[in-house]
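S.K.:
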Amino acid sequence: MAKTSKRFVCQSCGAVHPRWAGKCDACDAWNSIVEEIVEAAPIGGGKRTSGGQSGKKVDFVSLKGESEQKKRLTSGIGELDRVLGGGLVDGSATLIGGDPGIGKSTLLLQAAASLSRQAPVAYISGEEAIDQIRMRARRLQVEDASVELAAATNVRDILASLDRADGPKVAIIDSIQTMYVDQLDSAPGTVGQVRASAQELIRLAKRRGIAVLLVGHVTKEGAIAGPRVLEHMVDTVLYFEGERGHPFRILRGVKNRFGPTDEIGVFDMTEIGLQEVANPSALFLADRQDGVAGAAVFAGIEGSRPMLVEIQALVAPSAYGTPRRAVVGWDGNRLAMLLAVLETRGGLDLSGRDVYLNVAGGLRIAEPAADLAVAAAIVSSLTGVPVPQGTVVFGEVGLSGEVRAVGRTDARLKEAAKLGFGQALGPKVRREKRQSGQNRVENGASMLSEIGDLGQLIRTLEESADGPIRILDADARR
62 MAKTSKRFVC QSCGAVHPRW AGKCDACDAW NSIVEEIVEA APIGGGKRTS GGQSGKKVDF
122 VSLKGESEQK KRLTSGIGEL DRVLGGGLVD GSATLIGGDP GIGKSTLLLQ AAASLSRQAP
182 VAYISGEEAI DQIRMRARRL QVEDASVELA AATNVRDILA SLDRADGPKV AIIDSIQTMY
242 VDQLDSAPGT VGQVRASAQE LIRLAKRRGI AVLLVGHVTK EGAIAGPRVL EHMVDTVLYF
302 EGERGHPFRI LRGVKNRFGP TDEIGVFDMT EIGLQEVANP SALFLADRQD GVAGAAVFAG
362 IEGSRPMLVE IQALVAPSAY GTPRRAVVGW DGNRLAMLLA VLETRGGLDL SGRDVYLNVA
422 GGLRIAEPAA DLAVAAAIVS SLTGVPVPQG TVVFGEVGLS GEVRAVGRTD ARLKEAAKLG
482 FGQALGPKVR REKRQSGQNR VENGASMLSE IGDLGQLIRT LEESADGPIR ILDADARR
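Read in order, the letters of the sequence shown are residues 62 to 539 in this note's numbering.
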């Protein structure tokens with residue numbers, strides 16, 4: 062084993078200090094100095110540099126050549142495999158983050174039980190005792206799976222247990238914040254410990270071809286706790302999302318070196334664990350009511366799958382001098398921009414009204430194509446005119462009020478038709494697409510009412526109301 066030493070480095074400016082201090086003298090940053098392990102440079106094997114260190118020449122190869130396609134390990138959980146890009150890759154490192162109690166350990170224990178039918182699996186917990194894991198396995202009805210369990214936090218002991226010829230092919234570490242390297246004096250969970258522990262585990266994964274899954278805690282802001290470099294070190298970063306009041310859970314990929322980065326998996330939390338949701342659109346629209354003002358069905362795309370979700374808006378008179386804007390499941394900055402466009406280009410008076418926006422079901426939407434559906438829900442709530450029944454809405458709204466084209470229109474219309482929707486409000490289909498022989502777009506265009514700008518959207522709602530619509534005042538709302 063190479064000789065190691067310790068040093069204290071400022072994470073803000075990179076200055077090296079002889080000992081830990083609360084404030085960096087170089088950049089005046091507070092609590093930025095962390096402890097790191099430094100391995101001694103090898104001696105011999107290369108030309109000596111001007112600094113006195115020596116190195117070994119690196120062998121370069123051509124970019125052209127046959128690449129080895131490694132077989133993936135499928136977890137048996139279709140929604141998890143979808144987000145991973147088809148399964149786990151040998152020697153990969155996957156980081157899974159999420160709020161406490163959201164179901165990370167449940168998902169990984171179910172995946173471990175399924176993976177154990179194909180390859181040896183080790184589940185190492187630093188937060189639970191062995192009996193606690195067995196109790197959860199009985200509740201999930203996977204207690205008969207041949208999974209090796211261990212409760213350990215010392216990385217040196219874990220590496221010694223995994224680094225063997227007959228070792229496991231999949232290792233689950235729950236969680237990385239509880240692991241520690243005994244060469245560092247800092248407590249587990251600190252920046253230095255998290256980075257050093259992850260580095261040692263990832264190094265073993267690459268050398269032995271073990272697929273390592275790391276569970277990461279999240280901060281109040283929803284980001285994975287610890288150094289940001291941790292997300293750069295791993296191959297895949299997944300976020301497990303969901304609202305406490307909803308049984309739905311969303312597994313979202315934000316980084317993947319072996320697959321797509323915009324896929325999501327949908328689960329339903331039940332008494333016996335997480336169940337896959339084959340048709341998320343039907344699940345998110347199960348409790349929807351027709352003929353209610355302030356609601357619009359958005360036809361979106363999450364990764365490779367089309368998905369319908371209800372967007373709800375409530376516009377109410379403000380009781381204070383500054384109107385309130387509350388958003389759940391969408392970008393608050395984008396809502397502010399859209400409200401400004403509705404006022405300036407659409408002629409609506411929203412300056413003295415509170416606006417509340419909610420994406421039903423606990424789903425978070427980041428697609429710009431939701432602009433038109435949000436605008437339709439706001440106009441519907443403001444005027445009291447419901448969006449026509451059996452209608453889905455999608456399209457991006459520009460600052461001049463125009464509705465811009467979005468991708469995969471055919472997939473959106475097909476999903477809407479499958480669930481019984483007969484009309485769609487969306488952007489104009491590009492002329493070159495229509496002339497390119499894409500029959501799917503032509504067939505779906507019969508249910509698509511093209512919206513050019515926000516003014517046309519308001520006129521479409523007027524036609525459905527059989528007359529001009531007006532903004533409701535407080536008395537009319539009562």
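Glycine included, each C-beta is placed from N, C-alpha and C at the ideal position.
Quick caveat, the model's predicted, so the values are computed rather than measured.
What number of angstroms, rounded off, separates the C-alpha of I191 from the C-alpha of G126?
M.R.: Roughly 47 Å between the two C-alpha positions.
S.K.: Please give the ranges of any beta strand (DSSP E) in the segment 421-507, keeping only runs that are unbroken, at least 3 residues long and fully inside the region.
M.R.: Correct list: 452-454, 484-487.
S.K.: Put F345 into one of helix, strand or coil per three-state DSSP.
M.R.: In the structure shown, F345 sits in a helix (DSSP, three-state: H, G or I).
S.K.: Determine whether the beta carbon atoms of A232 and V273 lie at a separation below 7 Å.
M.R.: Taking 7 Å as the Cβ cut-off, A232 and V273 qualify as a contacting pair.
S.K.: Expressed to the nearest angstrom, what Euclidean distance is found between the alpha-carbon atoms of V464 and D243?
M.R.: The straight-line gap from Cα to Cα measures roughly 59 Å.
S.K.: Taking N317 as part of the beta strand (DSSP E), name the residues at either end of that continuous run.
M.R.: N317 -> beta strand (DSSP E) spans 309-317.
S.K.: At which residue ranges does the segment 355-382 contain complete alpha helix (DSSP H) runs of 4 or more residues, listed in the order of the chain?
M.R.: Complete alpha helix (DSSP H) runs here, min 4: none at all.
S.K.: From the DSSP output, in three-state form, read off H78 for me.
M.R.: Three-state DSSP puts H78 in a strand.
S.K.: E188 lies in the beta strand (DSSP E); which residues open and close that run?
M.R.: Note, E188: premise wrong, no beta strand (DSSP E); not H, not E.
S.K.: What is the DSSP secondary structure of R68, reduced to helix, strand or coil?
M.R.: Reduced to three states, the DSSP call for R68 is strand.
S.K.: Tell me the rounded alpha-carbon separation between S412 and V376.
M.R.: Cα-Cα distance, rounded: 11 Å.
S.K.: Excluding the five sequence neighbours on either side, which residues of its own chain have a C-beta within less than 7 Å of the C-beta of S258, listed in chain order?
M.R.: Same-chain partners within the cutoff: V216, I237, M240, Y241, V242.
S.K.: Is it true that the segment 433-441 meets the segment 400-419, where meeting means three or more beta-carbon pairs spaced less than 8 Å apart?
M.R.: At 8 Å Cβ cutoff, the stretches touch.
S.K.: Could you have a look at D351 and say whether DSSP puts it in helix, strand or coil?
M.R.: Reduced to three states, the DSSP call for D351 is coil.
S.K.: Looking at C-beta atoms only, is the number of pairs between the segment 323-342 and the segment 376-393 that lie closer than 8 Å three or more?
M.R.: Touching, no, given that fewer than three Cβ pairs across the two stretches are closer than 8 Å.
S.K.: Where do the N-terminal and C-terminal ends of the alpha helix (DSSP H) with R395 fall, by residue?
M.R.: Where R395 is concerned, the enclosing alpha helix (DSSP H) stretches over 393-405.
S.K.: On a CA-only basis, which of S461, I372, D432, L346 is nearest Y417? Give me that one, please.
M.R.: Measuring from the Cα of Y417, the nearest candidate turns out to be I372.
S.K.: Just list the residues that DSSP pairs E511 with in beta bridges.
M.R.: Per DSSP, G487.
S.K.: Give the range of the alpha helix (DSSP H) segment to which L145 is assigned.
M.R.: Note, L145: alpha helix (DSSP H), 139-145.
S.K.: Helix, strand or coil, according to DSSP, for L518 in the structure here?
M.R.: It is helical.
S.K.: Would the segment 322-333 count as touching the segment 174-187 if we require 3 or more Cβ pairs under 8 Å?
M.R.: The segment 322-333, when compared against the segment 174-187, does not touch it at the 8 Å Cβ threshold.
S.K.: According to DSSP, D415 sits in a beta bridge with which residue or residues?
M.R.: Paired residues: A377.
S.K.: State buried or exposed for F121, treating a residue as buried only when at least 16 other CB atoms are found within 10 Å of its CB.
M.R.: Counting Cβ neighbours within 10 Å, F121 comes out exposed, since fewer than 16 surround it.
S.K.: Smallest Cα separation from G355: which of A421, I362, G320, D323?
M.R.: Of the listed residues, the one whose Cα sits closest to G355 is A421.
S.K.: If the criterion is Cβ atoms closer than 7 Å, does the pair S175 and S207 meet it?
M.R.: Not closer than 7 Å, so no.
S.K.: By a C-beta neighbour count over all protein chains shown, 10 Å radius and 16 as the cutoff for buried, is D218 buried or exposed?
M.R.: Looking at its Cβ environment, which holds fewer than 16 other Cβ atoms inside 10 Å, D218 is exposed.
S.K.: Between the segment 293-312 and the segment 143-151, are three or more C-beta pairs nearer than 8 Å?
M.R.: The segment 293-312 vs the segment 143-151: in contact.
S.K.: Taking the beta strand (DSSP E) that R386 falls in, what are its first and last residues?
M.R.: Looking at the DSSP string, the run of the beta strand (DSSP E) that includes R386 is 386-389.
S.K.: Return the CA-CA distance between Q202 and E457, expressed in angstroms with no decimal places.
M.R.: For Q202 and E457, the distance between alpha carbons rounds to 46 Å.
S.K.: Please classify Q450: is it buried, with 16 or more other beta-carbons within 10 angstroms of its beta-carbon, or exposed?
M.R.: Answer is exposed; the Cβ neighbour count stays below 16.
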